[in-house]
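If you read the protein sequences in the order shown, they are chains A and B.
Quick note, the first sequence lines up with residues 10 to 503 if you use my numbering.
Quick note, the second sequence lines up with residues 3 to 385 if you use my numbering.
Everything below concerns the one structure shown next.
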Amino acid sequence: MNTMLKPRWRKVLADLWENKSRTILVVLSIAIGVFAVGMIAGAYVTISQDLDLSYSMANPANIEITTRAFDEDYTNSVARLDGVADVEARRDVSVRVQKPTGEWDVLTLRVLPDFENTNIDVLLPVDGVQVPKKKEAIFEIKTLEALGAEVGDTLQIELADGSDLELKVAGSAMDRTLGYGAFMGRRNAYIQEESLDWLHESVYYNKMYITAAENPDDRTHLKELAEEVESYLNRSNYEVYYVGLALTNEHPLSSIVEALVGILLILGVLVMFLSGSLITNTLSALMGQHLRQIGVMKLVGARRKQVISLYMLLILSFSLIALVISVPTGSWAAMAVSRLAANLLNAEIQQTGIVPLAIILQIVIAIAVPQLAGISPVLRGAGKTVQEAVSGSGQAQNTDKKGWIDRRLESIKGISRPLMVSLRNTFRQKGRLFLTLFNLMLGGAIFISVFNVQVSLNKKIEETTKYFQADVNLSFKQPYRLTTVESIVSRVPG
Amino acid sequence: MTTKWLQRKKKKEVQVLTMASENEEAIQMRKIVKTFKTSAGDFTALRGVDMDFLPGEFVGVTGKSGSGKSTLVNMITGIDRPTSGEVKVGDTFIHHLGESEMARWRGQNLGIVFQFYQLLPMLSLAENVMLPMDFANRYPAAMREKRALELLDMVGLADLANKMPSAVSGGQQQAAAIARALANDPQYLIADEPTGNLDSRTAEHIFDLFMQLSRDGKTVIMITHDPALADRMSRQVVISDGEIINEWVRKAFPMLSHPQMLKLTKNLEAMQYEPGQTIIREGGEADALYILTRGEVEVSVKDNRGEDKLVTRLTPGEYFGEVELLEEDWAIATVSTALETPVELLALKRDAITELLHEVKGLYESISRVVKSRRTENAAARN
């Protein structure tokens with residue numbers, strides 16, 4: 010005999026152990042909901058924090074301006090403007106690249122004036138060299154994966170003039186500022202300025218990456234600063250073809266991702282409600298089975314609150330077992346979801362997998378929801394008089410009052426006896442019927458919600474893809490005004 | 003029967019059993035009515051029951067199924083509440099307690115034993131015995147196990163203390179249930195057919211345990227269907243149709259059915275006489291049968307010389323007045339109270355018993371035998 014444990018607590022342990030299938034059912038009911046909440050909350054926190062953090066660690070350009078060709082030194086004059094912290098020049102050269110499988114793909118070669126002293130849109134080295142030589146490029150890690158190439162490979166590229174060259178994959182790096190580009194699968198690689206003449210290109214730049222000295226997360230401020238820079242460029246006879254704004258601490262896709270994870274969080278809460286409902290059902294059945302025991306305990310001196318504490322502890326035990334299962338699995342799943350999202354969005358995950366907020370949320374939900382779900386059946390069971398409990402009927406003073414539904418059912422003629430019995434049984438316990446209907450409704454709601462999220466996501470991706478993709482994509486060696494291009498393209502038949 | 007002695011009779015409310023004195027700690031039930039509401043209408047299970055149980059008594063409660071004996075005991079255990087009336091156990095009017103207070107009080111003052119043992123199946127016998135101590139917090143936690151083992155030893159289960167209920171026999175489970183009932187050392191033990199589910203040998207063992215507890219000073223109230231067991235208890239309470247049958251009627255006329263006994267009970271009239279008083283005078287009017295419940299009476303007749311001659315002395319449980327009821331309208335002997343103690347009687351009027359004499363052949367024959375015997379005794383005395 011375990012003398013350390015009071016008999017009533019021994020009963021709790023025995024109740025847990027002796028009906029294993031019931032314990033497993035209740036624990037799984039709780040664990041599934043808590044796992045879902047932990048996974049989604051953990052992923053939500055990780056993604057919302059690390060996505061932005063990863064983005065800001067790259068020191069993204071607050072303002073991206075595309076203009077006509079300029080010399081790198083010209084950036085110094087822009088950098089002297091009030092409110093400008095730093096300016097770096099960039100240029101994109103579009104080529105075709107042949108995959109090892111023989112297929113061709115479009116590759117953007119981004120020219121960086123000085124790899125070693127790049128401070129804006131900083132690349133995160135992954136493999137190989139960090140500074141490519143002439144005829145070499147650092148490939149964006151996802152581009153490398155998509156092409157099926159490895160560091161050290163040499164890839165065949167085709168220039169706009171039709172000439173073929175061999176470009177060496179000297180290293181790989183992660184560009185955390187790609188945003189939609191990463192999402193849409195654009196291929197990027199990074200080259201030194203000295204490779205330009207090898208690519209039959211003149212040495213000039215046409216993009217300015219600017220960071221703001223103050224309020225880098227204030228879109229209004231950035232817009233004003235961009236207008237000042239644009240005005241300055243215009244005064245210097247530099248036409249501005251494109252102006253893009255980005256906050257330092259907000260990943261361009263974070264709002265979309267957070268919205269999606271937010272929807273999943275609501276689904277998690279719905280799952281928790283469903284789980285709570287299942288717990289209520291199971292505990293109602295448990296209290297029904299234990300009525301006689303409750304009666305006996307009351308007969309030997311148990312007060313109502315003692316009986317309540319006994320069964321609430323049983324529920325707490327279910328919760329703790331569920332937590333043991335759902336906290337590690339939820340954290341692991343949160344990490345997996347976060348890494349998946351990070352991989353899709355070219356972000357770097359900093360978290361180690363433990364998200365305190367998610368674990369606290371899991372603990373609170375795992376304890377509170379079952380307690381709330383269980384309180385009603387426990388109070389009902391513990392509130393039975395000894396007479397009701399010992400007789401096991403729960404209805405010592407049954408007055409057999411029939412409700413409207415019962416009277417209606419009795420008035421139905423011409424249906425078979427078994428069907429009548431079945432119908433009456435269905436409506437006999439209104440609480441049970443309500444709970445069952447609630448479960449079915451909630452289950453259906455979750456099912457429909459999941460499909461809605463899936464359809465919404467697909468639609469959003471489709472719309473986004475349409476934004477970036479067309480039947481024919483043309484890249485120009487230098488920027489042109491949109492009206493000029495539209496006028497020329499509209500004259501092409503078809 | 004003269005008007006004079008009729009006036010001397012002190013009429014009072016019939017008290018079915020001896021009342022406990024105010025100072026004695028006992029169970030007192032007063033005017034207990036219990037009505038159940040059912041779909042078929044109201045059903046009254048107890049009809050104004052007055053009852054007392056004295057400390058140390060071993061009382062058997064018997065009656066047919068549905069007579070109300072379990073309902074009666076449920077009033078004492080607080081399992082159920084009366085529709086009206088009061089139950090006082092010791093100093094506590096138990097139905098003034100709330101459900102939780104009742105549970106606490108019950109745990110400390112009552113030990114309850116059921117026909118089907120009602121041990122918690124997931125706890126060992128020792129843990130079952132410790133459970134009431136745990137709930138009542140009656141003994142220091144460190145002592146509870148020792149006490150449980152002592153109680154199990156007392157009921158002969160020391161070697162089985164760590165067994166689960168399912169691993170022992172029914173009799174052993176019942177013995178463990180008795181040990182559990184004694185866990186908090188209650189003054190009162192209530193047992194609802196504790197031997198009803200046991201073989202006769204095991205039942206005897208369990209009954210002996212209750213006997214011993216009664217000898218040790220516990221008040222034991224036991225529902226039983228077994229008349230042989232009930233006869234071995236210090237007192238038997240028989241209930242019929244929610245009312246208590248007078249025990250003197252039951253003893254005097256055992257051939258009657260319970261409803262017939264109840265009918266007589268309802269017609270009883272209690273009387274008290276001081277020592278030396280005459281109850282019936284020979285040749286006087288006699289229209290009742292008297293059952294002696296306390297004291298002794300002397301029966302005498304006039305002999306051939308006209309002098310009173312003692313025929314016999316009657317003790318409690320015996321009755322007189324039967325000859326006059328059956329054969330004569332006038333008393334054939336004089337009945338006086340003995341000189342030592344007052345006398346208490348229960349009188350049954352001629353109208354109440356005449357109908358039963360016609361209905362129940364056994365009653366008529368039984369009384370006829372007594373009449374014949376008394377006539378023989380009287381005749382011998384006169385000569």
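No residue lacks a Cβ here, since even glycine has one placed at the ideal position from N, Cα and C.
According to DSSP, residue i sits in a beta bridge with which residue or residues?
i, result
"residue 134 of chain A", "A:182"
"residue 254 of chain A", "A:72"
"residue 165 of chain A", "A:175"
"residue 38 of chain B", "B:45"
"residue 304 of chain B", "B:310"
"residue 113 of chain B", "B:191"
"residue 316 of chain B", "B:299"
"residue 166 of chain B", "Paired residue(s): none; residue 166 of chain B is not in a bridge."
If we ignore side chains and look at the alpha-carbon of each, how far apart do residue i and residue j end up?
i, j, result
"residue 333 of chain B", "residue 289 of chain B", "9 Å"
"residue 231 of chain A", "residue 241 of chain A", "15 Å"
"residue 138 of chain B", "residue 219 of chain B", "22 Å"
"residue 407 of chain A", "residue 38 of chain B", "For residue 407 of chain A, the predicted structure reports a pLDDT of 47, less than 50, and the residue's modelled location is therefore unreliable. A value from the coordinates is still provided. So the alpha carbons of these two residues sit roughly 9 Å apart."
"residue 233 of chain A", "residue 86 of chain A", "18 Å"
"residue 69 of chain B", "residue 242 of chain B", "5 Å"
"residue 119 of chain A", "residue 136 of chain A", "18 Å"
"residue 232 of chain B", "residue 238 of chain B", "6 Å"
"residue 74 of chain B", "residue 314 of chain B", "40 Å"
"residue 186 of chain A", "residue 162 of chain A", "25 Å"
"residue 255 of chain A", "residue 223 of chain A", "14 Å"
"residue 272 of chain A", "residue 455 of chain A", "11 Å"
"residue 297 of chain B", "residue 226 of chain B", "31 Å"
"residue 283 of chain B", "residue 309 of chain A", "59 Å"
"residue 78 of chain B", "residue 181 of chain B", "20 Å"
"residue 80 of chain A", "residue 65 of chain A", "28 Å"
"residue 367 of chain B", "residue 389 of chain A", "60 Å"
"residue 102 of chain B", "residue 367 of chain A", "41 Å"
"residue 383 of chain B", "residue 358 of chain B", "31 Å"
"residue 180 of chain A", "residue 345 of chain A", "27 Å"
Check the Cβ of residue i against every Cβ in chain A and list those closer than 8 Å, keeping chain order.
i, result
"residue 72 of chain B", "Neighbours of residue 72 of chain B on chain A: none; closest Cβ ~10 Å, over 8 Å."
"residue 102 of chain B", "312, 313, 314"
"residue 114 of chain B", "308, 309"
"residue 149 of chain B", "The contacting residues do not exist; residue 149 of chain B stays about 13 Å from chain A at best."
On the CB-based measure, 16 or more other CB atoms within 10 Å of its CB, does residue i come out buried or exposed?
i, result
"residue 365 of chain A", "exposed"
"residue 174 of chain B", "buried"
"residue 45 of chain A", "buried"
"residue 176 of chain B", "buried"
"residue 109 of chain A", "exposed"
"residue 2 of chain B", "Any property of residue 2 of chain B remains undetermined from this structure, which presents chain B solely from 3 to 385."
"residue 124 of chain B", "buried"
"residue 300 of chain B", "buried"
"residue 495 of chain A", "exposed"
"residue 221 of chain B", "buried"
"residue 147 of chain B", "buried"
"residue 404 of chain A", "Residue confidence is low: residue 404 of chain A scores 45 on pLDDT, short of 50, so the model does not pin down where it sits. No coordinate-derived value is stated."
"residue 274 of chain A", "buried"
Under 7 Å Cβ-Cβ, which residues of chain A neighbour residue i?
i, result
"residue 468 of chain B", "Chain B is shown from 3 up to 385; residue 468 of chain B falls before or after that span and cannot be answered."
"residue 106 of chain B", "310, 312"
Quick one: which chain B residues come within Cβ less than 7 Å of residue i?
i, result
"residue 24 of chain A", "124"
"residue 438 of chain A", "Correct list: empty, because the minimum Cβ distance to chain B is about 18 Å."
"residue 20 of chain A", "122, 124, 125"
Under 9 Å Cβ-Cβ, which residues of chain B neighbour residue i?
i, result
"residue 27 of chain A", "123, 124"
"residue 302 of chain A", "120, 122, 123, 124"
Give me the chain A residues within the contact set of residue i, using Cβ-Cβ distance strictly less than 9 Å, ordered along the chain.
i, result
"residue 110 of chain B", "310"
Chain B partners of residue i, CB-CB under 8 Å?
i, result
"residue 17 of chain A", "133, 136, 137"
| request: With 7 Å as the C-beta to C-beta threshold (strictly closer), list the residues of the region 128-140 of chain B near chain A in chain order. | output: Among the residues of the region 128-140 of chain B, those with a Cβ less than 7 Å away from any Cβ of chain A are 128, 129, 132, 133, 134, 136, 137, 138, in the order of the chain.
| query | the region 73-85 of chain B: which residues have C-beta closer than 9 Å to a C-beta of chain A, in chain order? | reply | Residues 76, 79, 80, 81, 82, 83.
| field | Chain-ordered residues of the region 377-404 of chain A with a beta carbon less than 9 Å from chain B | value | Taking 9 Å as the Cβ-Cβ cut-off against chain B, the residues of the region 377-404 of chain A that qualify are 392, 394, 395, 396, 399.
| In chain order, what residues of the region 178-208 of chain B put their CB closer than 9 Å to some CB of chain A? | Flagged, chain order: 182, 183, 185, 186.
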